[in-house]
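Below is one structure, written out as structure tokens; the observations come after it.
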Amino acid sequence: MKLHYLCLAALVLPLSGCFMAQKSALVQSKQFYDPSSQARIRLYGNYGDTVIKHYIDRTCNEWRATSATRLHHRFNNGTPRRIKNISAGIPMTEQSVRTMNDKGIMTRGSFKEYVVDANKPLVLDASISVNLDNFSHSCRIAMSFIPQVGKDYEANYVERNGRCTIEVDELQPISEKQQVALTKDVTQLQSCSLPGDSTK
3 MKLHYLCLAA
13 LVLPLSGCFM
23 AQKSALVQSK
33 QFYDPSSQAR
43 IRLYGNYGDT
53 VIKHYIDRTC
63 NEWRATSATR
73 LHHRFNNGTP
83 RRIKNISAGI
93 PMTEQSVRTM
103 NDKGIMTRGS
113 FKEYVVDANK
123 PLVLDASISV
133 NLDNFSHSCR
143 IAMSFIPQVG
153 KDYEANYVER
163 NGRCTIEVDE
173 LQPISEKQQV
183 ALTKDVTQLQ
193 SCSLPGDSTK
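So that you can map any letter, position 78 of the sequence shown is 80 in my numbering, and since no number is skipped, the others follow by simple counting.
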């Protein structure tokens with residue numbers, strides 16, 4: 003097993019030098035945004051993969067009936083590649099700046115931003131599944147909240163103390179003197195997960 007990882011490292015490291023010097027790119031999406039009826043949310047992932055999916059105008063019960071049947075993300079640790087973070091115009095935060103500056107080789111943070119309907123339930127569905135030779139791990143968590151008109155949010159999948167969760171923050175108004183927006187926790191979250199959903 004040790005020889006296997008040494009061989010993998012020998013293949014990856016020569017390729018990684020040019021990638022380590024490159025930050026991820028920021029690409030502006032063409033989504034239309036109306037702050038009088040919509041909101042925006044930034045979803046963090048890894049290496050451009052979708053860890054958190056979002057379901058617009060869907061209650062927890064509707065999500066369970068249509069989309070809660072499978073894990074939608076599997077561990078990806080391929081060779082280094084440049085990542086495109088997708089922006090819908092949400093101001094930068096400390097976390098998004100760290101993500102933009104991440105130059106990780108085997109793992110690298112990324113994000114995608116979306117325009118969503120305001121004043122309607124939004125389900126965030128996060129799952130991950132890792133299957134290696136002598137290790138397997140999976141976790142599934144889903145939360146729901148109601149985005150407010152003209153507000154910006156960001157959500158991150160987190161594993162802590164053997165459990166997984168989704169942390170959702172609301173961005174605060176940014177002044178001309180601020181380089182990044184401050185955030186506060188969204189506390190009005192509803193769990194959509196079933197009793198059988200857990201970290202394994």
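Beta carbons are placed, not taken as given, at the ideal position from N, Cα and C, and that holds for glycine.
- Annotation for Ala-27: no alpha helix (DSSP H) segment contains it, though the beta strand (DSSP E) segment containing it runs 27-30.
- Between Glu-161 and Met-145, the alpha-carbon positions lie close to 15 Å from each other.
- In the three-state DSSP reduction, Thr-68 falls in the helix class (H, G or I).
- Counting only unbroken stretches of 3 or more residues, the beta strand (DSSP E) elements lying wholly within the region 98-152 are 111-119, 124-134 and 137-147, in sequence order.
- Straight-line spacing of the CA atoms in Met-102 and Gln-190 works out to 29 Å.
- A residue is called buried when at least 16 other Cβ atoms come within 10 angstroms of its Cβ; Arg-44 meets this threshold and is buried.
- Cβ-Cβ distances below 6 Å link Arg-60 to Val-125 in the same chain, with the five nearest sequence neighbours on each side left out; the list follows chain order.
- One thing to note: Cys-194 has its Cβ within 7 Å of the Cβ of Trp-65.
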